[in-house]
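Protein chains: 2
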Amino acid sequence: MLPAVTLDIHSTCGKDAGRFFTVTRSTKPRATLKDVAHEANVSLSTVSYVLNDNEHAQRISHTTKQRVRDAADRLAYKSNPIGRALQRGYTNQVILLIVTWDLATSHSATAMAISRAAIAQGFELTVHVADNDAEAEAFLKRHLLHNVGGLLVLWDSPAMRESYLVQLAAEGVPVVDLLPDSPAGISTVTPDRESAFLEGTRHLIKLGHGCIGLISDTLTRPKTTLCKLAGYRRALQEAGLNYVESLVVDVTEFGFEGGVSGFPRLVQRNPKVTAAICINDAIALGLIAAAGDAGRRCPDDFSVVGFGDSTMGKYWRPALTTFGLLADRVAKASVGLVLQQRQETSPEPKTILIPEELIIRQSTGPAPNS
Amino acid sequence: MLPAVTLDIHSTCGKDAGRFFTVTRSTKPRATLKDVAHEANVSLSTVSYVLNDNEHAQRISHTTKQRVRDAADRLAYKSNPIGRALQRGYTNQVILLIVTWDLATSHSATAMAISRAAIAQGFELTVHVADNDAEAEAFLKRHLLHNVGGLLVLWDSPAMRESYLVQLAAEGVPVVDLLPDSPAGISTVTPDRESAFLEGTRHLIKLGHGCIGLISDTLTRPKTTLCKLAGYRRALQEAGLNYVESLVVDVTEFGFEGGVSGFPRLVQRNPKVTAAICINDAIALGLIAAAGDAGRRCPDDFSVVGFGDSTMGKYWRPALTTFGLLADRVAKASVGLVLQQRQETSPEPKTILIPEELIIRQSTGPAPNS
DNA sequence: CGCAAAAAGTTAAACGTTTCACTAGGACAC
DNA sequence: GTGTCCTAGTGAAACGTTTAACTTTTTGCG
Numbered sequence: 000m001l002p003a004v005t006l007d008i009h010s011t012c013g014k015d016a017g018r019f020f021t022v023t024r025s026t027k028p029r030a031t032l033k034d035v036a037h038e039a040n041v042s043l044s045t046v047s048y049v050l051n052d053n054e055h056a057q058r059i060s061h062t063t064k065q066r067v068r069d070a071a072d073r074l075a076y077k078s079n080p081i082g083r084a085l086q087r088g089y090t091n092q093v094i095l096l097i098v099t100w101d102l103a104t105s106h107s108a109t110a111m112a113i114s115r116a117a118i119a120q121g122f123e124l125t126v127h128v129a130d131n132d133a134e135a136e137a138f139l140k141r142h143l144l145h146n147v148g149g150l151l152v153l154w155d156s157p158a159m160r161e162s163y164l165v166q167l168a169a170e171g172v173p174v175v176d177l178l179p180d181s182p183a184g185i186s187t188v189t190p191d192r193e194s195a196f197l198e199g200t201r202h203l204i205k206l207g208h209g210c211i212g213l214i215s216d217t218l219t220r221p222k223t224t225l226c227k228l229a230g231y232r233r234a235l236q237e238a239g240l241n242y243v244e245s246l247v248v249d250v251t252e253f254g255f256e257g258g259v260s261g262f263p264r265l266v267q268r269n270p271k272v273t274a275a276i277c278i279n280d281a282i283a284l285g286l287i288a289a290a291g292d293a294g295r296r297c298p299d300d301f302s303v304v305g306f307g308d309s310t311m312g313k314y315w316r317p318a319l320t321t322f323g324l325l326a327d328r329v330a331k332a333s334v335g336l337v338l339q340q341r342q343e344t345s346p347e348p349k350t351i352l353i354p355e356e357l358i359i360r361q362s363t364g365p366a367p368n369s
Numbered sequence: 000m001l002p003a004v005t006l007d008i009h010s011t012c013g014k015d016a017g018r019f020f021t022v023t024r025s026t027k028p029r030a031t032l033k034d035v036a037h038e039a040n041v042s043l044s045t046v047s048y049v050l051n052d053n054e055h056a057q058r059i060s061h062t063t064k065q066r067v068r069d070a071a072d073r074l075a076y077k078s079n080p081i082g083r084a085l086q087r088g089y090t091n092q093v094i095l096l097i098v099t100w101d102l103a104t105s106h107s108a109t110a111m112a113i114s115r116a117a118i119a120q121g122f123e124l125t126v127h128v129a130d131n132d133a134e135a136e137a138f139l140k141r142h143l144l145h146n147v148g149g150l151l152v153l154w155d156s157p158a159m160r161e162s163y164l165v166q167l168a169a170e171g172v173p174v175v176d177l178l179p180d181s182p183a184g185i186s187t188v189t190p191d192r193e194s195a196f197l198e199g200t201r202h203l204i205k206l207g208h209g210c211i212g213l214i215s216d217t218l219t220r221p222k223t224t225l226c227k228l229a230g231y232r233r234a235l236q237e238a239g240l241n242y243v244e245s246l247v248v249d250v251t252e253f254g255f256e257g258g259v260s261g262f263p264r265l266v267q268r269n270p271k272v273t274a275a276i277c278i279n280d281a282i283a284l285g286l287i288a289a290a291g292d293a294g295r296r297c298p299d300d301f302s303v304v305g306f307g308d309s310t311m312g313k314y315w316r317p318a319l320t321t322f323g324l325l326a327d328r329v330a331k332a333s334v335g336l337v338l339q340q341r342q343e344t345s346p347e348p349k350t351i352l353i354p355e356e357l358i359i360r361q362s363t364g365p366a367p368n369s
């Protein structure tokens, strides 16, 4: 009945494994509506009405209701979601599709928050991690499309999203994209990177810094980085400061090492620079470390702002000033959007920006020569 | 048809939201087996046999098979997992239930790894995060028990696991526990904490340390901590060193601050101590920080070993010597166990221990006075 | 008393699949 | 010509729900 399978578990078996207390499976099948109906001496539909507490349930007498409920209790009846889904034509399952090379980052925290939010709205969250585009494609082609309550997508490649998400949305699946640069017509929930960098740069300006660097991605900047850059430029403009190309340093390595290599390049090109804002925390910490190695203490000689509120940054010394994403709000908003799209027959795509919170710690201070 | 819902999304709406490219839902329902049968001019059952490539499919001529497959392609038929699940009586859904107060740790990494492993075996992973025991209970009572392929559990409370998991297993749900101290009769996959601490303590002894502290949990030690303690004691015993009560320090705060407060207590009670092994990375980093504050540099004056291979520890200076869990192996083993239990009618509980890898970095060095 | 309308349920079809049991038609042997 | 076996399928029940449409009984009212 069940498909055959070959196992391949290479591992040591614990010494107290198999205490010879073997669980024997009870073969007694679970109670169904039919069983309850029989037990309560009513028809199957009556049981369904009572247990779902429908509008139709008002047409059923109180005594019968009680009899049904008692019977259900006696038989420990639990409704079978499969049967229900088949009849109703939809499930309460929301799928989170993650296609990305870097899982270490906040994605998993987002996933957990989404699970919570989904549960709160009566959904259940299925997480599908794909290692590459091909796997994700296979998944979408095969499994999906059927009866799913909604689809949330964390997919690095905009091209791939373009080719699949639009089609899915057209087929009636509520799709919400969690990264910017979404295809037209797809709803998006994403952190407000521009406002964050606006606020972060403002923070540095207010501290007296007049020459502020931006440590960025590789040259082929994704939309996420462009948003951050835009915020940075707006803050400079507001304050009447010039935007200088040389203050934006592109690092090729994405993490800590990127920050380490970025510092000398930034300082060499701009001797007067006293602060920098970085596109993520790891780069920021690398920058602090490299600055320290070069004899410039943070925050006395050099201020640094990160992005992402990593645990690393929290416990680093000096503790990192950074932006925390309100993962709960992202989760709530995206699940909410799915729900909303399920209701409407021709939903209008929405973009919801979730603000990031500036967390001021020790890595930013007054400009040294002020 | 769909349940009504009230939304409550408080957030700024992006300026380029709703580019007035509205996706209109095609109302055309998806093709079913029936449609394919009609298209190919065969009976419904024939289509089922062909598309599943059953043993019965051998009784069907090659030409008919091709006709069916062509028809399915033309209609873009995709099998409906709900219908299938209802008929078969089981799903390929594995549920990961996480009930814990600390989500920041490796749980989410494990979750992602399990998702991967599940997919590789043809399952899909549903993650259910519960904030407390009551929520988890509600979930198990309501949703679960039905048609689920398996249940993986990360639940802090052993008492709760005791009361639910055993019952579930008896009802035929393959249950795998991912924390130690499992109820009797439940299969477990868990890191081999004892061997890790054995190896970690050995590492310190080999470096010449003769007085090694252990920074532990609160006094009501969970099984996880007891395992670690056992490994520590075994290593001491092997080396002919005495086990001294005062070298084991219980900290009340679980994270970084715990390490900070633990250091003075350890040193005060044992002036000769030159190294410590900690039950997690955060405590270890706190310990290093506190040691530095007290004028004892790591690793020259004081060696520290952590547990968990956090990103923090990786980029800390000095980089932390710690243990990395092979999350992929945990995932593979646990999904494998679920599969295995599904096959057997009265499965024997197994305990699989996954080894942890000692990652030697900069926070451990030769004992100072050797 | 007679009729309408409300109250309290019941019947049966439908959702999409799987699979056991059956059959129509032909080939082959005797 | 009859019986047996094989090939290539078909028919129909079953899985557990939901729900539109119907029925039966009771009550209200003139």
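So the sequences go chain by chain: A and B. Going by numbering that gives the first Met the number 0, the final residue of the first sequence carries number 369, and the count climbs one at a time with no gaps. Going by numbering that gives the first Met the number 0, the final residue of the second sequence carries number 369, and the count climbs one at a time with no gaps. We put the CB at the ideal spot given by N, CA and C, even for glycine. Just so it is clear, the structure is predicted and the values come from calculations on it, not from any experiment.
So, for Leu43(B): in the same chain, excluding its five sequence neighbours on each side, which residues have a beta-carbon less than 8 Å away from its beta-carbon?
Translated into the one-based positions of the second sequence, residue 43(B) becomes position 44. Excluding positions up to five away in sequence, the list reads Leu32, Lys33 and Ala36.
Comparing C-alpha positions only, which one of Glu54(B), Pro190(B), Ile59(B) and Ser60(B) sits nearest to Leu324(B)?
Looking up residue 324(B) in the second sequence gives position 325. Of the candidates Glu54(B), Pro190(B), Ile59(B) and Ser60(B), the one whose C-alpha sits nearest the C-alpha of Leu324(B) is Pro190(B).
So what's Thr350(B) in DSSP terms, helix, strand or just coil?
Within the second sequence, residue 350(B) is the residue found at index 351, counting from 1. Correct three-state label for Thr350(B): strand.
For Trp315(A), write down the residues that DSSP places opposite it in a beta bridge.
One-based indexing of the first sequence puts residue 315(A) at position 316. Note: Trp315(A) sits in no beta bridge, so no partner.
Quick test of the definition: if touching needs 3 or more C-beta pairs under 8 Å, does the region 349-360 of chain A touch the region 320-335 of chain A?
Touching, yes, given that three or more Cβ pairs across the two stretches are closer than 8 Å.
If you reduce the DSSP assignment to three classes, tell me which class Thr45(A) lands in.
Position 46 of the first sequence, counted from the first residue, corresponds to residue 45(A). Here Thr45(A) sits in helix by DSSP.
Using a Cβ-Cβ cutoff of less than 7 Å, which residues in the same chain neighbour Tyr231(A) once the five nearest sequence positions on both sides are dropped?
Here residue 231(A) is taken as the residue at index 232 of the first sequence, counted from 1. Hits under 7 Å: Phe196, Thr200, Leu213 and Ile276.
At a Cβ threshold of 7 Å, is His55(A) touching chain B?
Numbered from its first residue, the first sequence carries residue 55(A) at position 56. Cβ-Cβ to chain B under 7 Å: no for His55(A).
What are the start and end residues of the beta strand (DSSP E) that includes Asp176(A)?
For the purposes of this step, residue 176(A) is taken as the residue at position 177 of the first sequence. First-last of the beta strand (DSSP E) with Asp176(A): Val174 to Asp176.
Give the list of continuous alpha helix (DSSP H) stretches no shorter than 4 residues that lie fully inside the region 241-314 of chain A.
You should have 255-268, 280-292 and 310-314.
Hey, could you find the ends of the alpha helix (DSSP H) Gln92(B) is sitting in?
Stepping through the second sequence from its first residue, residue 92(B) is reached at position 93. Gln92(B) -> not in any alpha helix (DSSP H); beta strand (DSSP E) instead, spanning Gln92 to Val98.
Report the residues of the region 74-88 of chain B with a CB closer than 9 Å to any CB of chain A, ordered along the chain.
Going along the region 74-88 of chain B in chain order, one finds Lys77, Ser78, Asn79, Pro80, Ile81, Gly82, Ala84, Leu85, Arg87 and Gly88 with a Cβ nearer than 9 Å to chain A.
Could you name the residues of the same chain whose beta carbon sits closer than 7 Å to that of Val22(B), not counting the 5 residues immediately before and after it, in chain order?
Position 23 of the second sequence holds residue 22(B). Residue confidence for Val22(B) is low, a pLDDT of 48 falling below 50, so the modelled location carries little weight; the figure read from the coordinates is stated next. Here the set comprises nothing.
In terms of residues, what are the limits of the beta strand (DSSP E) holding Val128(B)?
One-based indexing of the second sequence puts residue 128(B) at position 129. Where Val128(B) is concerned, the enclosing beta strand (DSSP E) stretches over Glu123 to Ala129.
Under the assumption that Leu150(A) contacts Val174(A) (Cβ atoms under 8 Å), give the Cβ distance between them as a whole number of angstroms.
Residue numbering aside, residue 150(A) sits at position 151 when the first sequence is read from its first letter. Residue numbering aside, residue 174(A) sits at position 175 when the first sequence is read from its first letter. Indeed, because the Cβ distance is near 5 Å, the residues count as touching under 8 Å.
Let me check understanding here. Comparing Cα to Cα, which of Val46(B), Gln92(B), Arg58(B) and Val93(B) lies closest to Ser78(B)?
In the second sequence, residue 78(B) corresponds to position 79, counting from 1. Ranking Val46(B), Gln92(B), Arg58(B) and Val93(B) by Cα distance to Ser78(B) puts Val46(B) first.
Between Ser394(B) and the rest of its own chain, which residues show a CB-CB distance below 6 Å, the 5 nearest in sequence each way excluded?
Coverage of chain B is limited to positions 0 through 369, which leaves residue 394(B) absent and any answer about it impossible.
Using a Cβ-Cβ cut-off of 8 Å (strictly less than) and excluding sequence neighbours within five positions of Glu136(B), which residues of its own chain qualify?
Position 137 of the second sequence, counting from 1, holds the residue named residue 136(B). Closer than 8 Å at the Cβ level, and outside the excluded window around Glu136(B), lie Met159 and Tyr163.
From the beta carbon of Val175(A), is the nearest beta carbon of chain B less than 7 Å away?
As a first step, residue 175(A) is located in the first sequence; it is residue number 176 there, counting from the start. Output row for Val175(A): interface = no.
Taking the alpha-carbon positions, what's the Arg233(A) to Arg192(A) distance?
Numbered from its first residue, the first sequence carries residue 233(A) at position 234. Numbered from its first residue, the first sequence carries residue 192(A) at position 193. Computed Cα separation, rounded: 12 Å.
When we look at the beta-carbon of Asp69(A) and count the other beta-carbons within 10 Å, is it buried (16 or more) or exposed?
One-based indexing of the first sequence puts residue 69(A) at position 70. Looking at its Cβ environment, which holds fewer than 16 other Cβ atoms inside 10 Å, Asp69(A) is exposed.
Below 8 Å, can you find three or more Cβ-Cβ pairs linking the region 283-290 of chain A to the region 254-267 of chain A?
As far as the Cβ criterion goes, the region 283-290 of chain A touches the region 254-267 of chain A, which means the pair count is three or higher.
Please say whether Ser362(A) and Thr310(A) have beta carbons closer to each other than 7 Å?
Stepping through the first sequence from its first residue, residue 310(A) is reached at position 311. Stepping through the first sequence from its first residue, residue 362(A) is reached at position 363. No, Cβ-Cβ distance for Thr310(A) and Ser362(A) is not below 7 Å.
Return the chain-ordered list of same chain residues with a C-beta closer than 7 Å to the C-beta of Ala71(A), the five sequence neighbours on each side being excluded.
Translated into positions along the first sequence, residue 71(A) becomes position 72. Around Ala71(A): Val35 and Leu50.
By DSSP's criteria, Phe322(A) is part of a beta bridge. Which residues make up the other side?
To locate residue 322(A), count along the first sequence from 1; it is residue 323. DSSP output for Phe322(A) lists Leu357(A) as bridge partner(s).
Measuring only between beta-carbons, confirm whether Thr321(B) sits less than 7 Å from chain A.
Working through the second sequence from its first residue, we reach residue 321(B) at position 322. False, the Cβ-Cβ gap to chain A never drops below 7 Å.
Note down, in chain order, every chain B residue with its Cβ under 9 Å from the Cβ of Ile118(A).
On the first sequence, residue 118(A) is found 119 positions in, with the first residue counted as 1. Correct list: His127, Val128, Ala129, Glu134 and Phe138.
What are the start and end residues of the alpha helix (DSSP H) that includes Gly199(A)?
Taking the first sequence and counting its residues from 1, one reaches residue 199(A) at position 200. It spans Arg192 to Lys205 - the alpha helix (DSSP H) in which Gly199(A) sits, taken as one unbroken run.
Taking the alpha carbon of Pro317(B) as the point to measure from, which residue in Arg360(B), Thr109(B) and Glu244(B) has its own alpha carbon closest?
One-based indexing of the second sequence puts residue 317(B) at position 318. Taking only the C-alpha atoms, the option nearest Pro317(B) is Arg360(B).
Gly291(B) to Ala281(B), Cα distance in whole Å?
Taking the second sequence and counting its residues from 1, one reaches residue 291(B) at position 292. Taking the second sequence and counting its residues from 1, one reaches residue 281(B) at position 282. Taking the straight line joining both Cα atoms gives about 15 Å.
Considering only residues of the same chain and omitting the five flanking positions on each side of Asn269(B), which have a CB-CB separation below 8 Å?
Counting from one through the second sequence, the residue named residue 269(B) turns up at place 270. Cβ neighbours of Asn269(B) beyond the five flanking positions: Cys210, Gly212, Val243, Ser245 and Leu246.
So which of Cys226(A), Ala238(A) and Ala283(A) has the shortest CA-CA distance to Glu252(A)?
In the first sequence, residue 252(A) corresponds to position 253, counting from 1. That would be Ala283(A), whose Cα lies nearest to the Cα of Glu252(A).
Return helix, strand or coil for Thr63(A), following the three-state DSSP convention.
Stepping through the first sequence from its first residue, residue 63(A) is reached at position 64. Thr63(A) falls in the helix class under three-state DSSP.
Compute the beta-carbon to beta-carbon distance between Val152(B) and Leu124(B), rounded to the nearest angstrom, for a pair I have assumed lies under 8 Å.
The residue given as residue 152(B) occupies position 153 in the second sequence. The residue given as residue 124(B) occupies position 125 in the second sequence. That pair is no contact at about 13 Å.
Taking 7 Å as the threshold (C-beta atoms), are Ile278(A) and Thr224(A) in contact?
Indexing the first sequence from 1 puts residue 224(A) at position 225. Indexing the first sequence from 1 puts residue 278(A) at position 279. Closer than 7 Å, so yes.
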